[in-house]
Ligand SMILES: C[S@@+](CC[C@H](N)C(=O)[O-])C[C@H]1O[C@@H](n2cnc3c(N)ncnc32)[C@H](O)[C@@H]1O
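Numbering (the numbering used here), first residue to last: 30 to 462.
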């Protein structure tokens with residue numbers, strides 16, 4: 030395939046992915062997982078991802094442009110065309126690609142999508158965007174009204190900063206595998222590969238790279254020397270002090286990032302990784318194999334220990350619970366499209382069931398760490414307060430300001446703080462015997 034053909038193919042795929050996500054309720058992750066392997070060149074894959082992310086993050090501003098500049102509104106059958114226009118605007122505006130190449134590939138993509146009659150309109154609209162620029166709207170407008178209200182109620186002083194940070198592209202956080210070498214040595218390897226990274230002052234295994242880096246560009250990625258994992262997710266391991274041979278449960282383990290980190294850091298662990306989703310649990314197996322660690326894997330409902338538990342209590346449990354994902358909107362912008370108001374009460378009820386079950390399999394004197402990538406008090410501090418009321422044998426201890434703002438009995442980092450995702454942490458100790 031020639032370069033220009035490949036360029037057109039990327040725009041066609043971007044339009045199809047965005048159409049599915051924006052107009053047919055599909056997940057960005059799922060659509061990209063199908064589309065990306067169809068592109069042979071790593072640069073084309075990176076471009077496809079960048080276009081889709083940028084178009085979704087700024088879809089509010091781009092939607093206004095289409096409304097204002099199009100003489101006739103697009104109809105319900107024009108989903109792919111609308112998606113292509115958003116992809117075109119993202120290339121010129123957010124990604125600042127060289128206009129000539131971006132324009133010609135996007136106009137050609139309109140023809141490939143079976144819309145030769147609209148190619149002229151696509152061209153005219155993108156040329157106008159190139160001339161006049163795109164006015165950036167209020168980032169809060171990307172959030173559904175009910176969720177905007179909840180964030181405003183939970184974090185009145187910080188809501189604006191949360192909306193702004195959620196509209197920004199996130200940096201790439203790397204986790205160096207202690208079993209495969211030191212962070213300092215890996216920093217030097219990255220420098221050798223032309224990648225500039227900063228070691229974190231707070232997180233012992235973390236390096237931060239501005240912008241996005243494909244894993245194929247990371248030295249010894251395939252051999253497990255390094256993983257891509259946000260700083261907030263890496264910090265979960267800092268909540269554990271585990272003796273050699275400790276029995277640990279990761280109750281919601283897939284795709285396995287935190288399980289892998291615990292096993293890299295505490296080599297003697299006997300870790301059981303449970304996830305209800307058997308397909309996602311296969312990703313845990315792959316993750317652990319790549320970094321060279323082992324665990325017992327169980328595809329099961331963690332809220333129903335009778336179905337999978339051998340009745341030997343665990344010394345420690347990690348419950349990285351399913352949640353609204355409101356803290357990772359900058360990485361999963363489609364969360365704002367798919368999340369429904371009713372989801373929160375359902376998630377909150379599931380989290381409570383998972384917490385109670387995790388407590389039941391923990392030995393007296395053991396530690397339970399509860400974490401979410403949510404910003405909502407109901408899923409976080411509120412959830413833990415209710416848990417402490419239900420369980421008189423539970424005591425929370427404050428992990429300290431390095432983990433974010435004090436919030437009830439836990440800590441909350443808000444999106445973008447310390448360059449990291451929004452995350453909640455609580456550490457609970459079970460009274461000994
Ligand atoms: C936030 S993700 C976990 C991320 C993971 N800890 C990591 O670091 O890679 C939440 C996971 O909970 C799983 N899950 C949801 N309900 C569950 C249940 N009842 N029992 C076990 N796992 C569940 C989901 O399939 C999902 O993989």
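Note that the Cβ used here is the ideal one computed from N, Cα and C, for glycine as well.
No Cβ-Cβ contact shorter than 8 angstroms links residue 77 with residue 85. Pairing residue 170 with residue 92, the inter-Cα distance amounts to about 11 angstroms. Taking non-hydrogen atoms of ligand 1 into account, the C-beta of residue 232 is found less than 7 angstroms away from none of them. In the structure shown, the three-state DSSP call for residue 178 is helix. Here residue 274 is exposed, its C-beta having fewer than 16 other C-beta atoms within 10 Å. When rounded, the separation of the alpha-carbon atoms in residue 357 and residue 446 is 12 angstroms. In the same chain as residue 134, and ignoring 5 residues on each side of it, the C-beta atoms closer than 8 angstroms to its own belong to 33, 36, 37, 39 and 40, in chain order.
Under DSSP, residue 434 takes part in a beta bridge, and its partners are 441.
Annotation note: the region 202–235 contains no uninterrupted beta strand (DSSP E) run of length 3 or greater. Closest in alpha carbon position to residue 156, among 290, 166 and 114, is 114.
In the three-state reduction of the DSSP assignment, residue 89 falls in the helix class, which pools H, G and I.
When the alpha-carbon of residue 454 is set against those of 73, 48, 398 and 424, the nearest one is in 398. Counted as a single uninterrupted DSSP element, the beta strand (DSSP E) harbouring residue 394 occupies residues 391–401. Looking at the DSSP output, residue 458 bridges to 396 and 424. Rounded to whole angstroms, the separation of the alpha carbons of residue 96 and residue 431 is 45 angstroms. Remark: the C-beta of residue 304 is in contact range of ligand 1, defined as less than 7 angstroms to any heavy atom. Three or more Cβ pairs closer than 8 angstroms define a contact, and the region 327–335 meets that threshold against the region 301–309. Relative to the non-hydrogen atoms of ligand 1, the Cβ of residue 442 never comes closer than 7 angstroms to any of them.
Taking C-beta separations shorter than 6 angstroms and ignoring five residues to either side along the sequence, the partners of residue 295 in its chain run 271, following chain order. The region 222–241 makes no contact with the region 366–377; the number of CB pairs closer than 8 angstroms stays below 3. Here the C-alpha atom of residue 346 lies approximately 6 angstroms from the C-alpha atom of residue 396. With a cut-off of 7 angstroms, the C-beta of residue 334 is classified as distant from ligand 1, since no heavy atom of the ligand falls inside that distance.
Placement of the Cβ of residue 285 at a distance of less than 7 angstroms from at least one heavy atom of ligand 1 is found. Distance from the CA of residue 228 to the CA of residue 268, rounded to the nearest whole angstrom, comes to 20 angstroms. About 11 angstroms separates the beta carbons of residue 75 and residue 124, which is beyond the 8 angstroms limit, so they are not a contact pair.
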